[in-house]
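Student: Just so we're on the same page, this note's numbering is the position in the sequence shown counted from 1, plus 143. Note that the Cβ used here is the ideal one computed from N, Cα and C, for glycine as well. Here you go, one structure.
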Amino acid sequence: MSILESLRKIVQEANSAKNFDEVLNVIVHQVKNTMDTSVCSVYLYNKKDDNYVLMASDGLNPDAVGSVCLPSGKGLVGLVASRAEPINLEEASVHPRFAFFPETDEQLFHSFLGSPIIHQRVVLGVLVVQDKQTRRYDESEESFLVTIAAQLSGVIAHANATGELNRTLNPQDTPTNERIYSGVASAPGIAIGTVIAMHSHTALQATPSRQAIDVDTELILFRKAMSLVKSDMRALDKSMVGILSDQERALFDAYVCMLDDQALGGEVIVLINEDGLSAQSAWTQVILSHINMFKSMTDSYLRERASDLEDLGRRVLSYLQETETKRTVFPDNIVLVGEDLSAASFASVPLEKIVAIASVKGSRNSHLAILGRAIGIPTVMGAIDLPWGNLDGEEVIVDGHNGHVIVYPNTSLRKTYESQVLEEKLLAADLEKFLDQPCETSDGHKVSLWVNTGLRIDSMLSLDRGAEGVGLYRSEIPFLMLDRFPSEEEQRKSYREQLEMFSPRPVTMRTLDIGGDKDLSYFPIEEENPFLGWRGIRVCLDHPEIFLVQLRAMMKASLGLNNLSILLPMIASMTELDSALVLINQVYNELTQEEGYEIQRPHVGIMIEVPAAVYQIHEFARKVDFLSVGTNDLTQYLLAVDRNNSRVADLYDFCHPAVLRALRVIASGAKDECTPISVCGEMAGDPIGAILLMAAGFSVLSMSATSLLKVKAMLRQVSLVEAKQLLEDVSLMPDAQSVRNYVEQALNKAEVSGLFSR
Ligand code: PEP
Ligand code: MG
């Protein structure tokens, strides 16, 4: 078997293991066999006692497992861990750091190869092989061990997140069910509520485990799905006569047999009847266990049958989802939880009952998080370890300030959070006093606060909170909610509503910004690297038929109101701007000269969100009526950090000194050309961000409705002089965190301390 084959087999077997102990045992056993060596062991770091515990071994005395502990920094294991690199020794016993543990029977072994197990820079343990012979492990063996250790690190990190690691290392501790899962803090606030787990369609692994509301109904649904898939298979079989050989067509027959009561079907019925599971949960549980079994087979023919089973699994699931009994009763405080929640997930639950959102995938600037902020719902994205499928109906706490989802909280933690919820309510009530106050610094400098919209609810909220205009209407949000492109008239009506709502205040409507992380189900864009691919203006210029309809709808909607400005996203070159302007003029001329509309020509501006635009700021500023800085994308592109990748989320921060420097270049370029400029990225709605932006020269800030009062409260506490000095001071700082700490400390005034939550 090749190294790659062995690796695949080990990973597969480990993935099918029932629990963490079994994973470790599979690894040591398989590695020992594959490397044809005398011993393989795993030592894990126990933070509580600051030592490395022998947690699994094939080859050492089994009684030593769980009892042998090496103080951190001691022995060869300690050396591997402290150096964070592999150590390969022909004769371990002559090494000065060799520590002898008689209970392991180690005197029998000579050679030693240890590889650290590291996750996100932290050493979690050490994977060791030993041999009775005095030999040096060769390079391929060394790289094999390093690769296995790297794979193992993810499993251990997950066990750490779920509390299983601590339970294994410290079985004597009083068990507690409380689990804290970390993700990316994406919309501030704290909420306590009951989970509704939302599944993604036809993803077997993404089907939550649910109890049946009525067992008999579930049995009927299951039988119906079975018979539909069976008849599909028979029809498919017929249509393939003459195309596939008899032998190849035998697969369809096999599918039909597998669904029988004597096979998979029977197992599912038992689970529904005896365990009371819903048909979807029972089906996915059964099919996944069979898929895993096939995947771990050595015979490659049988292994490949796993994908047939997966196909069968999805077919049945999709019928079950079609007939799914819709939930009609909802808890009062809903925490929406899912693997990859999208804006559309909101549609199936009553919006007014949602108190928090937690998603396994996504990050602070996923559209769902932006929606969460718009509506003021605490949101945690990228909670990769959250066992979301098992949480339906459970009570959880979502801490949107720190990015935590707490499952089964103990009483004291729950009490702490309950009092924080209360404090937040008081702070929100306190902020109301700023409603009628001007947004003006203590030395009289005025800043205009505008709002970002896209949903009707955030428009309504923002009017209540005194927004002076709309700095960014994300026109793609209504597109995201549909299952086809909206017609010109449908678009006109929704734009009209927005323009009327804010009239006579200005409304900046951004043209369709799809691609990147904003995918329309009816216009899928599949790319390796979507943020650097076909998105924003690039899509619109390639599809003038979509772009022109949108422009027509926007301009027609402004009839008699004349408060429309058009904003173009993702502009990276003058040619793109020129091409877009040609199309804008074409629409304007058609409407006014050929169709008789009496419309004022809208102002046209571009978003500055691509680094290229920063360096051509003067040229762009001369050509457009206004500019708007999209700090979300600008930060992502300047720092080369995917705004949706939770693994690098802590590197994504608009307070990074390089971003601050770019912002100063933009502000001064626009000023030189006397072109109005605003900021509409999330930075504008962050109290620290807002201070730094004001200091850099931006006097129009556009943000989520829920940030308006917080930002106003903050800006009223500082003077422009003070803010400018702060920006000067932080400009030379090494990183974003130092910038944040500095500003927080400098402004540590009692009245505003509650506002520094990120
Ligand atoms: C931005 O990039 O800062 C922005 C406001 O646009 P979006 O978040 O919709 O990409
Ligand atoms: Mg953007």
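Assuming Ile518 contacts Asp601 (C-beta within less than 8 Å), just tell me the rounded distance between them.
Tutor: Yes, they are in contact, since the Cβ atoms of Ile518 and Asp601 sit about 7 Å apart, within 8 Å.
Student: By alpha-carbon positions, which one of Phe763, Ser637, Gly609, Met750 ends up nearest to Val854?
Tutor: Selected option, being the one with the closest Cα: Gly609.
Student: In terms of residue numbering, what span does the beta strand (DSSP E) encompassing Gln273 cover?
Tutor: Its beta strand (DSSP E) spans residues 265-274.
Student: Do you know how far the Cα of Asn595 is from the Cα of Arg653?
Tutor: The alpha-carbon atoms of Arg653 and Asn595 are separated by roughly 11 Å.
Student: Do the region 304-315 and the region 189-203 touch if we need at least three Cβ pairs shorter than 8 Å?
Tutor: Yes, the region 304-315 is in contact with the region 189-203.
Student: From Arg264 to Val298, what distance separates their C-alpha atoms?
Tutor: Rounded to whole angstroms, Arg264 to Val298 spans 15 Å at the Cα level.
Student: Among the residues of its own chain, which have a CB less than 8 Å from the CB of Ala801, if the five just before and after it don't count?
Tutor: If we look at Ala801 and ignore the five residues flanking it on each side, its Cβ neighbours are Leu781, Leu782.
Student: For ligand 1, I want to know if Gly748 counts as a neighbour, meaning its beta carbon is within less than 7 Å of at least one of the ligand's heavy atoms.
Tutor: Gly748: no, Cβ never under 7 Å from ligand 1.
Student: For Gln955 versus Ala723, is the C-beta spacing smaller than 8 Å?
Tutor: Residue 955 lies beyond the stretch modelled for the chain, which goes from 144 to 901, so this question has no answer here.
Student: Reducing DSSP to helix, strand and coil, say where Lys661 ends up.
Tutor: Correct three-state label for Lys661: strand.
Student: Cutting at 7 Å between CB atoms, please list the residues of its own chain near Gln276, excluding the five before and the five after it.
Tutor: The answer, listed in chain order, is His253, Ser254.
Student: Using a Cβ-Cβ cut-off of 6 Å (strictly less than) and excluding sequence neighbours within five positions of Asn705, which residues of its own chain qualify?
Tutor: Once the five neighbours on either side are set aside, the close Cβ partners of Asn705 are Gln743.
Student: Quick one: residues in its chain with C-beta nearer than 8 Å to the C-beta of Leu691, no 5 flanking neighbours on either side, listed in chain order?
Tutor: Cβ neighbours of Leu691 beyond the five flanking positions: Leu726, Gln729, Val730.
Student: Under the three-state reduction of DSSP, which class applies to Asn740: helix, strand or coil?
Tutor: For clarity, residue 740 is Tyr in the given sequence; the question names Asn instead. DSSP places Tyr740 in coil when its eight states are reduced to three.
Student: Please report the straight-line C-alpha distance between Phe489 and Ala833, rounded to a whole angstrom.
Tutor: So the two alpha carbons sit approximately 30 Å from each other.
Student: Assuming Ser605 and Ser789 make a contact with CB atoms under 8 Å, what is their CB distance in whole Å?
Tutor: That belief does not hold up - the Cβ atoms of Ser605 and Ser789 are roughly 29 Å apart, past 8 Å.
Student: With burial defined as no fewer than 16 other Cβ atoms inside 10 Å of the residue's Cβ, what is the status of Ser227: buried or exposed?
Tutor: In the sequence under discussion, the amino acid at residue 227 is Ala, which differs from the Ser named in the question. That one is exposed.
Student: Tell me which same chain residues have a C-beta within less than 7 Å of the C-beta of Asn204, skipping the five on either side of it?
Tutor: Excluding residues within five positions, the ones whose Cβ falls inside 7 Å are Glu246, Thr247, Asp248.
Student: Residues near ligand 2, CB to any non-hydrogen atom under 5 Å, in chain order?
Tutor: Per the Cβ criterion, the list is Glu752, Gly773, Asp776.
Student: So is Ser562 buried or exposed if we call it buried at 16+ other beta carbons inside 10 Å?
Tutor: Exposed, because fewer than 16 other Cβ atoms sit within 10 Å of the Cβ of Ser562.
Student: Which residue from Lys636, Gly703, Ala207, Pro629 puts its Cα closest to that of Glu688?
Tutor: Out of Lys636, Gly703, Ala207, Pro629, Pro629 has the C-alpha closest to the C-alpha of Glu688.
Student: Check this for me: beta carbons of Asp785 and Phe674, under 8 Å apart or not?
Tutor: Taking 8 Å as the Cβ cut-off, Asp785 and Phe674 qualify as a contacting pair.
Student: Which one of Thr778, Arg859, Glu865 has the shortest CA to CA distance from Val822?
Tutor: Ranking the options by Cα distance to Val822, first place goes to Thr778.
Student: What alpha helix (DSSP H) runs, 4 residues minimum, are completely inside the region 712-777?
Tutor: Within the region 712-777, the complete alpha helix (DSSP H) runs of at least 4 residues are 717-732, 754-758, 760-766.
Student: Please classify Met436: is it buried, with 16 or more other beta-carbons within 10 angstroms of its beta-carbon, or exposed?
Tutor: Met436 is exposed by the Cβ-count criterion.
Student: Tell me the DSSP bridge mates of Lys903?
Tutor: As displayed, the chain neither begins before 144 nor continues past 901, which places residue 903 out of reach and without an answer.
Student: Give me the Cα-Cα distance between His238 and Asn158, rounded to the nearest whole angstrom.
Tutor: Each residue's alpha carbon lies about 36 Å from the other.
Student: Starting from Asp542, trace the beta strand (DSSP E) in both directions and tell me its first and last residue.
Tutor: It spans 538-542 - the beta strand (DSSP E) in which Asp542 sits, taken as one unbroken run.
Student: When we look at the beta-carbon of Ala572 and count the other beta-carbons within 10 Å, is it buried (16 or more) or exposed?
Tutor: When all chains shown are included, Ala572 counts as exposed.
Student: By the 10 Å Cβ neighbour count, where 16 or more other Cβ atoms means buried, how is Ile363 classified, buried or exposed?
Tutor: Exposed, since its Cβ has fewer than 16 Cβ neighbours within 10 Å.
Student: With a threshold of 7 Å (Cβ to nearest heavy atom), would Asp193 be considered close to ligand 1?
Tutor: No.
Student: Taking a contact to mean a Cβ-Cβ separation below 8 Å, would you say Val372 touches Val459 in this structure?
Tutor: Going by C-beta atoms, Val372 is nearer than 8 Å to Val459.
Student: Please check the pair Leu663 and Leu598, which I expect to be a contact at CB under 8 Å, by giving their CB distance rounded to whole angstroms.
Tutor: At roughly 17 Å, the Cβ-Cβ gap does not stay under 8 Å, so Leu663 and Leu598 are not in contact.
Student: Are the region 330-343 and the region 520-529 in contact at 8 Å, needing three or more beta carbon pairs?
Tutor: Touching, yes, given that three or more Cβ pairs across the two stretches are closer than 8 Å.
Student: Measuring CB atoms only, is the region 812-826 touching the region 752-768, in the sense that at least three cross pairs come out at less than 8 Å?
Tutor: At 8 Å Cβ cutoff, the stretches touch.
Student: Using a threshold of 7 Å, is the CB atom of Leu947 nearer than that to any non-hydrogen atom of ligand 1?
Tutor: The first residue shown for the chain is 144 and the last is 901, placing residue 947 beyond what the model contains.
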